[in-house]
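Visitor: One structure is given below, represented as structure tokens, and several questions about it will come after.
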Amino acid sequence: MSMKLSVEEVIRRIKEATGLSEEFIKEKIESKKKELYGLVSDEGAALIVANEFGIKITKGIEVGRLQIKNLIPGLKKANILGRVIKIYPVRRFEKGKIRGEVGSMLIGDETGKVRVVIWDERVKLIKEGKIKVGDLIRVVNGSVKESSLGLKEVHLRRNSKLEINPETTVKIPELDKLEKKSEYSEICRLEEGVDYQIRGAIVDILGLNFFEICPYCEKPLKGGVCEIHGKVIPSYGMALPLIIDDGTGNLRVVLFGKRAERLLEIESRKARKAIRTRRDLIELAKERNLLGREIVVSGKVVRKRGNLEMIASRVIERPSPTIEAYRLLRLLKQTGV
Numbered sequence: 002m003s004m005k006l007s008v009e010e011v012i013r014r015i016k017e018a019t020g021l022s023e024e025f026i027k028e029k030i031e032s033k034k035k036e037l038y039g040l041v042s043d044e045g046a047a048l049i050v051a052n053e054f055g056i057k058i059t060k061g062i063e064v065g066r067l068q069i070k071n072l073i074p075g076l077k078k079a080n081i082l083g084r085v086i087k088i089y090p091v092r093r094f095e096k097g098k099i100r101g102e103v104g105s106m107l108i109g110d111e112t113g114k115v116r117v118v119i120w121d122e123r124v125k126l127i128k129e130g131k132i133k134v135g136d137l138i139r140v141v142n143g144s145v146k147e148s149s150l151g152l153k154e155v156h157l158r159r160n161s162k163l164e165i166n167p168e169t170t171v172k173i174p175e176l177d178k179l180e181k182k183s184e185y186s187e188i189c190r191l192e193e194g195v196d197y198q199i200r201g202a203i204v205d206i207l208g209l210n211f212f213e214i215c216p217y218c219e220k221p222l223k224g225g226v227c228e229i230h231g232k233v234i235p236s237y238g239m240a241l242p243l244i245i246d247d248g249t250g251n252l253r254v255v256l257f258g259k260r261a262e263r264l265l266e267i268e269s270r271k272a273r274k275a276i277r278t279r280r281d282l283i284e285l286a287k288e289r290n291l292l293g294r295e296i297v298v299s300g301k302v303v304r305k306r307g308n309l310e311m312i313a314s315r316v317i318e319r320p321s322p323t324i325e326a327y328r329l330l331r332l333l334k335q336t337g338v
């Protein structure tokens, strides 16, 4: 006989598994009821929300693996399972009298990819080669944060656990499938949380923002302090938001650092001195023939202030017409046009 759970019990289990506040969970349940036009009960909506967080509730027992697509910044008890796609170099950091090391890796599951950040003693797992590309990694009680680029990261805390190649019945895709290139798409078909490649014309340049970065690792600074290298004399990076239109729709695309420098054909240091107003920026864009130029951009689509936008990971400033024609033909075949 199945066990009926109250809304309060489901909320409690979601709260224990995710670390989210009760108020936030209740808002998600109410939102789900409205989305389904009130056709489900409070209990049904609560179970749907639990399922969306990857919390399976059966006979009073929940399995707390969160799929990567369901990670939300602010979670304190995220349990994830993924395959290692890439391992980044270990870096040393210094904050006042505190010194240590930080390492990170990119892992993926059947729904997406996320960066996992580990500190101090656990860094030895990377340095000694105990974690390798292709390994399965299970994180228990990870803390989900948002990076300066608006992307999700999972950080291991003192009470977090990291398991390498754990026994599991969950089928995580093999490495070759996780490393697939970004999906080529029209703008009107984009969905949040997916890596895409789009081709379109630059129809507007929204501005140019400068921010302090570490001169050693180029990570953004917070109050003049790098999370890895401590207090440093800052260098500067820039963020260039554009509007790209491909005929099916338009999208805000943000280029950071070297990608912005290559498109504008000017270094951040020189741009910071030369570009004081939007008028200066538009004049430079005209000199570079940027407005109306077609480019190819790859990156993850995220939601900001209610709208979709792309954080560019790769930009082709002058794409080959032949290569793009083949890509377009493949896209037309996929969509059945």
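Using the numbering used here, the first residue of the sequence shown is number 2, and each one after it goes up by one.
Using N, Cα and C, we set each Cβ at its ideal position, and we do this for glycine too.
Going straight from the alpha carbon of Val298 to that of Ile229, what length do you get?
Guide: 30 Å
Visitor: Suppose you measure from the CA of Gly264 to the CA of Ser32; what does that come to, to the nearest Å?
Guide: It should be noted that the sequence gives Leu, not Gly, for residue 264. Annotation: Leu264 to Ser32 spans about 42 Å, alpha carbon to alpha carbon.
Visitor: List in chain order: all unbroken beta strand (DSSP E) runs of 3+ residues lying wholly within the stretch 223–269.
Guide: 236–246, 251–257
Visitor: Looking at Asp205 and Leu243, is the spacing between their C-beta atoms short of 8 Å?
Guide: yes
Visitor: For Arg139, which residues in the same chain have their Cβ closer than 7 Å to its Cβ, ignoring the five residues on either side in sequence?
Guide: Leu82, Glu164, Pro167
Visitor: Could you please give the first and the last residue of the uninterrupted alpha helix (DSSP H) stretch that includes Ser32?
Guide: Its alpha helix (DSSP H) spans residues 23–36.
Visitor: Does DSSP put Val118 in a helix, a strand or coil?
Guide: strand
Visitor: Please report the residue range of the beta strand (DSSP E) in which Thr85 lies.
Guide: Note that residue 85 is Val in the sequence shown here, rather than Thr. Unbroken beta strand (DSSP E) run through Val85: 79–88.
Visitor: Please list the terminal residues of the continuous alpha helix (DSSP H) segment that includes Gly300.
Guide: From DSSP, Gly300 is part of no alpha helix (DSSP H) but of the beta strand (DSSP E) over 295–305.
Visitor: Helix, strand or coil for Gly208, going by three-state DSSP, please let me know.
Guide: coil
Visitor: Short of 7 Å in beta carbon distance, which residues of its chain neighbour Lys128, apart from the five on each side in sequence? Order them along the chain.
Guide: Val91
Visitor: Is DSSP giving Ile173 helix, strand or coil here?
Guide: Annotated three-state conformation of Ile173 is coil, per DSSP.
Visitor: Starting from Ile283, trace the alpha helix (DSSP H) both ways and give me its first and last residue.
Guide: 279–288
Visitor: Determine whether the beta carbon atoms of Asp246 and Gly201 lie at a separation below 8 Å.
Guide: yes
Visitor: CA-CA distance, Val302 and Leu21?
Guide: 24 Å
Visitor: State the CB to CB distance for the pair Glu266 and Gly238, rounded to an integer number of angstroms; the pair is presumed to be in contact (CB under 8 Å).
Guide: Actually they do not touch by this definition, with Cβ atoms about 16 Å apart.
Visitor: Is Glu193 near Leu285, with beta carbons less than 8 Å apart?
Guide: Against a cut-off of 8 Å, the Cβ pair of Leu285 and Glu193 comes out as no contact.
Visitor: Pop quiz: Val124 and Val103 are said to be a contact at Cβ under 8 Å. What is the actual Cβ separation, rounded to whole angstroms?
Guide: With a Cβ gap of about 7 Å, Val124 and Val103 count as contacting.
Visitor: In whole angstroms, what separates the C-alpha of Lys60 from that of Glu295?
Guide: Low per-residue confidence applies at Lys60: pLDDT is 44, beneath 50, and the placement is therefore not dependable, though the value from the model is reported in the following sentence. Spanning the two alpha carbons is a distance of roughly 56 Å.
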